[in-house]
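Some notes on the structure that comes next.
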Amino acid sequence: MPDLVVDGGDKLCVQLLIELRAHVRAAGPGAVIHLIATDPAAPVDLPAWCHLTGHAYLGPVEGAERPTFALRVAGSAKETQDARPWHAT
Numbered sequence: 165m166p167d168l169v170v171d172g173g174d175k176l177c178v179q180l181l182i183e184l185r186a187h188v189r190a191a192g193p194g195a196v197i198h199l200i201a202t203d204p205a206a207p208v209d210l211p212a213w214c215h216l217t218g219h220a221y222l223g224p225v226e227g228a229e230r231p232t233f234a235l236r237v238a239g240s241a242k243e244t245q246d247a248r249p250w251h252a253t
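If you want my numbering, it's the position in the sequence shown, counting the first as 1, plus 164.
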């Protein structure tokens with residue numbers, strides 16, 4: 165079971181990642197977050213962002229009604245720029 169579910173609706177991945185950063189900070193290390201995202205880039209962008217930052221990408225959530233992806237928040241993750249989530253600080 166996730167600690168937090170973030171419904172990204174039909175937002176583009178860049179916007180989703182900007183919002184996800186705040187949720188990751190609030191959730192804290194070890195938390196499992198499910199991100200609902202219909203952007204076709206999400207299955208590529210979310211694992212890449214997790215790799216960049218150090219969070220653990222857990223993959224797609226099976227049986228979800230809408231496209232949902234899981235990650236586990238890392239305690240020693242790298243920060244990214246506020247408005248540019250693809251750029252490390």
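Virtual Cβ for every residue (Gly too), placed ideally from N, Cα, C. Just so we're clear, the structure is a prediction, and the values are computed from it rather than from any experiment.
Residues of its chain near residue i, where Cβ-Cβ distance is below 7 Å and the 5 sequence neighbours each way are ignored
i, result
"P211", "Y221"
"T217", "A241, K242, T244"
Residue(s) in a DSSP beta bridge with residue i
i, result
"I197", "L168, L235"
"A252", "T244"
"A220", "R236"
8 Å Cβ cutoff, residue i in contact with chain C
i, result
"T202", "Although the question refers to chain C, the structure presented lacks it and comprises just one protein chain."
Chain-order list of residues whose beta-carbon lies under 8 Å from that of residue i (same chain, five-residue window excluded)
i, result
"P224", "P207, P231, T232, F233, A234"
"T202", "G172, G173, D174, R230, P231"
"C214", "A220, Y221, L235"
"E183", "V170, G172, K175"
Residue j beta carbon less than 8 Å from that of residue i
i, j, result
"R185", "T244", "yes"
"H198", "V178", "no"
"A195", "D167", "yes"
Same chain, Cβ closer than 6 Å to residue i, neighbours up to 5 away in sequence not counted
i, result
"L180", "G172, A201"
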